Each structure stands twice: as structure tokens, then as C-alpha cells.
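Protein chains in written order, with the numbering used here: chain A, 1 to 204; chain B, 1001 to 1099. C-beta: ideal position from N, C-alpha, C; glycine also. Computed from a predicted model, the values in this text were never measured in an experiment. First the structure, in the form of C-alpha cells, and then the observations on it.
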Amino acid sequence: MEAVLFFAAALGALGGAIGVVALRNPFYGVLALIVHLFSLAVLFLLLTAAFVAAAQVVVYAGAVMVLYVFVTAYVGGETEPVGDPIPGQKFLAPLLGAALFIELSIAVLGSSLLALTTHGPKVGPGFGNPEAIGKLLLERFLLAFEASSILLLMAAVGAVVLAGRQGTPGVSEGAVGGSSERAFGAVCSEHPPTAPSPVGGASA
Amino acid sequence: MNTEWYVVLSSLLFAVGAMGILVRRSPIVILLCLEIMLNAGNLALVAFSRMVGNQQGQVFAIVVMVVAACEVVVGLGLIVAIFRRKLPLDVDELRELRG
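Okay, here's the thing in C-alpha cells:
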């Protein structure tokens, strides 16, 4: 039963990954990645990592993929033009990928880790559940937890700075909405770029 | 299933993601391939954590997930900024920093 589930999930993960690489339309690529992520969540469940699997589904398949779908729809999922600018790229890349796979496999399987061919020790029912992970996160790895929260905050601010203002003024005014634009302009007015206009620094 | 199956699957996924980054030209798809590579790393972390019988690898996987989310947010912000400046969404065209 476990082997069947493993091979089904592995096939899904691999198929999703190959779909991302092979499909020309980025929109279909995003959908293939969702298949890949769900299959990985199944694999995490098989490895008794219930909380990681739940976080995978909620964070990745729920939030990050929605972001991808929105941005792909916004920029218009155009299919890539055919033809490679670097000659021989289409043949060389799979070759290098295969070389990387063989190299990694040799590095891991030749590492003489004795437990590699075992299932791992018997673990209790509480292994990997939210309680155990939360205890570890808030006691042993508290510093990493706080650092990652700061990292998330910085990424959110950075994304707003990157995507929020620059570009054609008409588009951002209409699309983003006035109030958030004004609030953001007030935050940013400490560093006026060039002669900020009265409407909260919506410069061209 | 033995741990080696998971680790071999993880290295296969990593290689597929790396190949995608080499082949594709759309920055969105390159970000998707980066996700595949990060997830392959996550799978290896969780598999080894199961092998040792220790939950710390799962905490590492969660931190990797957080970093991946940050990377996605910043990368997609860059893509939106590129799109708004009406530059081509093609990494072979966007090579001003190449020197």
C-alpha cells in the first residue's frame, strides 16, 4: 500500500515538474506545478511529516500559486517563441541535467550512510505533528523563527516597492486604487525621486 | 519505502528544475523551476529527518518554505515592474547587467 502510494505520488511530482519545464504556455506551467506540489504533500505525509504537508498545501498550493496565477494573468501568459538563441542549448541542457542527476545520486548513494537503506526508526504517533513542530520552532529554533518573520516582512515591503510605483502613471493609479497608493506615497515621501507631485508622489 | 528512494526522487526533481532553468526563457517559468528545485531540497530534508528519527529537518523544511515564499514575492514583484516598463519578458533580452 505504501509503495503504491509512493510511486503514484512520485509519478505525479515528476510529471508536474516535467510539465513545468516542457509546457510552452506559462499558465499551464503553473497548473502543472500545483500537481507537483500536491504530490509532494502526499510524499511528506508518507514520511510522517503531517505539519509540513499541511503547510505545503496551504502555503504553496493555496497562497503562492494564487499569486503566480494572478501575475501570469496580469502579464498575459504568452507562449514562448520557438528557437534557441544559444546554438545547441536544447540538446546541451538535458545532457547537463542528466549529468547533475547522476552526480547527485552518486554523491548520496555512495555516502555510506548505513541508515539509507532502512525505513528509519520507529516513531511515535506524535512525530511531525503541529504540536511537536511548534514546540521545536518556539523553543530550540526561536531565533530562526523570528528571523524568518523579519524576512517575510522585508519581502512584503520589497515587493510593494518594486511593483507598486514605477511605470506608467495611468495604469498604477487605476489598477491599484487611490487610498493604498496615497498611503504608500506618504511612506515613500522621505525619499522623493524627482519633484513629487501633490498626489502622493505618483511621478512618471 | 527506503530513504534512498526519496533521496533519488529528490535529486531527479532537482535535476529537472535545473534543466528547466537552463532551457526556458520566460522569467515566470524560471521562478517555477526554482520552486521545483527548492521543493526537491525540502523533500531531501524531510526524508533525512525521517531517516534519523529527528524532527529538526522538518523545521528546516518549513524555513526553506518561508524563504521560497519571500523569493516568489520579490521575483513576481520584479516581473510586474519589468512588465510595467514595457520591457520584454525574456531573460535573453534582459541582459543589461551582464557586462
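E1096/B does not reach chain A, its nearest Cβ partner there being about 16 Å away, counting only Cβ pairs nearer than 7 Å.
The continuous alpha helix (DSSP H) containing P26/A extends over residues P26 to L46. Under the three-state reduction of DSSP, R1050/B is assigned to helix. Shown here, K135/A sits in a helix according to DSSP, grouped into three states. Legend: CB atoms of the stretch 1055 to 1070 of chain B lying less than 8 Å from CB atoms of chain A belong to residues Q1055, Q1056, Q1058, V1059, A1061, I1062, V1063, M1065, V1066, V1067, A1068, A1069 and C1070. For P94/A, the enclosing alpha helix (DSSP H) stretches over residues Q89 to L109.
Between V21/A and G1020/B, the C-beta gap is smaller than 7 Å, which places the two residues in contact.
Cβ atoms of A53/A and A63/A stay farther apart than 8 Å, at about 15 Å.
In this structure, the CA atom of F1014/B is about 18 Å from the CA atom of F7/A.
From the beta-carbon of G1041/B, no residue of chain A is found nearer than 8 Å; the closest lies around 11 Å away.
Secondary structure of R140/A (DSSP, three-state): helix.
Sequence-distant partners of V1091/B (beyond 5 residues in either direction) whose C-beta falls short of 7 Å from its own C-beta, in its chain, are R1025, P1027 and I1030.
When L116/A, A163/A, A156/A and I18/A are compared, the shortest CA-CA separation from M1001/B is found for L116/A. Under the 10 Å beta carbon count, A147/A is surrounded by fewer than 16 other beta carbons and is classified as exposed. For G128/A, the three-state secondary structure derived from DSSP is coil.
For the stretch 131 to 147 of chain A, the set of positions with a beta-carbon nearer than 7 Å to some beta-carbon of chain B reads A132, I133, L136, L137, F141 and A144 in chain order.
Non-local C-beta neighbours of A9/A in its own chain, meaning closer than 8 Å and more than five positions away in sequence, comprise S39, L40, V42, L43 and L46, ordered along the chain. Using a Cβ-Cβ cut-off of 7 Å, L1012/B counts as an interface residue toward chain A, since at least one Cβ of chain A sits closer than that to its own.
Close to chain B, meaning a Cβ-Cβ distance shorter than 9 Å, are the following residues of the stretch 96 to 121 of chain A: L96, G97, A98, A99, L100, F101, I102, E103, L104, S105, A107, V108, L109, L113, A115, L116, T117, T118, H119, G120 and P121. If you draw a straight line from the Cα of A1061/B to the Cα of L1022/B, it comes to about 25 Å. Residue environment for V123/A: exposed (fewer than 16 other C-beta atoms within 10 angstroms of its C-beta).
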